[in-house]
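Protein sequences appear in the order of chains H and E. Numbering-wise (our numbering), the first sequence opens with residue 1 and increments by one. Numbering-wise (our numbering), the second sequence opens with residue 141 and increments by one. Here a beta-carbon is modelled for each residue, glycine too, at the ideal position from N, C-alpha and C.
Protein chains: 2
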Amino acid sequence: MRKKYKYRSNCPINFTQEILGDKWSMLIIRDLMFAGKRHYGEFLKSDEKISTNILADRLGKLEHSELISKTIDKNNLSKNIYSLTSKGIDLMPILIEMISWGLNNNDKTMVPPEFLKGLQTDKIKFMKELKRAVSKAHGV
Amino acid sequence: MRKKYKYRSNCPINFTQEILGDKWSMLIIRDLMFAGKRHYGEFLKSDEKISTNILADRLGKLEHSELISKTIDKNNLSKNIYSLTSKGIDLMPILIEMISWGLNNNDKTMVPPEFLKGLQTDKIKFMKELKRAVSKAHGV
DNA sequence: CTGTATCCTTAGGGATACTG
DNA sequence: CAGTATCCCTAAGGATACAG
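Okay, structure coming up:
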């Protein structure tokens, strides 16, 4: 039983960050969301090379937070299939924006083209307005 | 001189996460972006209560990553003004999506009223726009 | 191959004293 | 008040052995 955790504040950014703000959770979500990974061993094979104890811990925490769920693989009863819940899928806009920012700010980064579907022009238009306001406030 | 850091992979999500994936950096960006904070002491006053040594460290790292910049406050030569660079402002979509997800997934969370102080726009009007835009972006 | 458990090191971070 | 420095502890994480 995982200890009940008290968040540091009522800020939604802080809440999101406390759930996903470690070095690994977001990458597991990424692998589920975009790379179609489902099994334990597949997560171990990511470029960032998560170690097995950390992977087990994060899968447990993500399941506890109800971002992912696991079911037994009918084809192989000794393994689980991990998948995103709808709450986990709802993280997609965050991931998309992280991809976008990363690509724009590090030439070395790259990602398969199919990752970038879903950017919505309405949102972009709104963002431009908002960015203009903040830029002005910061004298940029 | 900060040691040159090698990222674990070429994934843009990993890159973004390595820069912002600690418990404090994102909150400093938040305070600059939405709460209009500019001075050292203001950051110390956030609900999450960052300690002074961590704050100094993160301000240094964020400046090194060129997400923020600091200039001497002409009105008080013993203090600095911290502000977002355009690279920092470009993080806004990520923060907005984090706010949206946090609000949708934790009833306790709410947007702090002081969030809009730095924006030169009417608070209520801004919130309505924000809600409408985010909802629309999510097909709601 | 799918996980768990253990050991051990390091980085993150809290408290607080201190300097200008 | 702005920022630095020090002390110390805990949590995060890496390596790897182990069990089904």
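The Cβ of H64(H) sits no closer than 7 Å to any Cβ of chain E.
At a cut-off of 3 residues, the continuous stretches assigned as beta strand (DSSP E) that sit fully inside the region 51-107 of chain H are 68-72 and 80-84. Ranking S9(H), K136(H), R8(H) and E63(H) by CA distance to the CA of L32(H) puts E63(H) first. For M110(H), the nearest CB of chain E lies under 7 Å from its own CB, placing it at the interface with that chain.
Within 8 Å of the CB of D90(H), the CB atoms of chain E belong to W241, N244 and N245, in sequence order along the chain. For F155(E), the chain H residues whose Cβ falls inside 7 Å of its Cβ are G102, N106 and T109, in order along the chain.
Spanning the alpha carbons of W101(H) and R132(H) requires a straight line of approximately 17 Å.
By the C-beta density criterion, K37(H) is buried, having at least 16 other C-beta atoms within 10 angstroms.
In the three-state DSSP reduction, G41(H) falls in the helix class (H, G or I). By the 16-neighbour rule on beta-carbons within 10 angstroms, N216(E) is exposed. Taking the beta carbon of S9(H) as reference, the chain E residues within 7 Å of it are D187 and E188, listed in sequence order. R132(H) is outside the set of residues whose beta carbon lies under 7 Å from a beta carbon in chain E.
Closest option to K163(E), judged by alpha-carbon separation, among E182(E), A175(E) and E188(E): E188(E).
The straight-line gap separating the alpha-carbon atoms of Y7(H) and F15(H) is approximately 7 Å. The alpha-carbon separation between D107(H) and C151(E) amounts to approximately 11 Å. Of all alpha-carbon atoms in K61(H), S51(H), D90(H) and L44(H), the one lying nearest the alpha-carbon of N245(E) is that of D90(H). Any Cβ of chain H closer than 7 Å to the Cβ of E237(E) would place that residue at the interface, and such an atom is present.
In this structure, the CA atom of S83(H) is about 23 Å from the CA atom of L243(E). Residues of chain H with a Cβ closer than 8 Å to the Cβ of K163(E) are, in chain order, Q17, E18 and G21. Secondary structure of P252(E) (DSSP, three-state): coil. Contacts with chain H at 7 Å (Cβ-Cβ) do not include R198(E).
Sequence-distant Cβ neighbours of I212(E) in its own chain, meaning closer than 7 Å and more than five residues away, are N220. With respect to S205(E), I234(E) sits apart: the two C-beta atoms are not nearer than 7 Å. The beta carbon of H138(H) sits closer than 7 Å to some beta carbon of chain E.
Comparing alpha-carbon positions, the option among I13(H), L67(H), S9(H) and R30(H) lying closest to I96(H) turns out to be R30(H). For F15(H), the secondary structure class from DSSP, reduced to helix, strand or coil, is helix. Residues of chain H with a Cβ closer than 7 Å to the Cβ of I234(E) are, in chain order, I94, E97, M98 and W101.
DSSP places R170(E) in the uninterrupted alpha helix (DSSP H) bounded by S165 to M173. One alpha carbon belongs to R198(E), the other to S86(H), and they sit about 34 Å apart.
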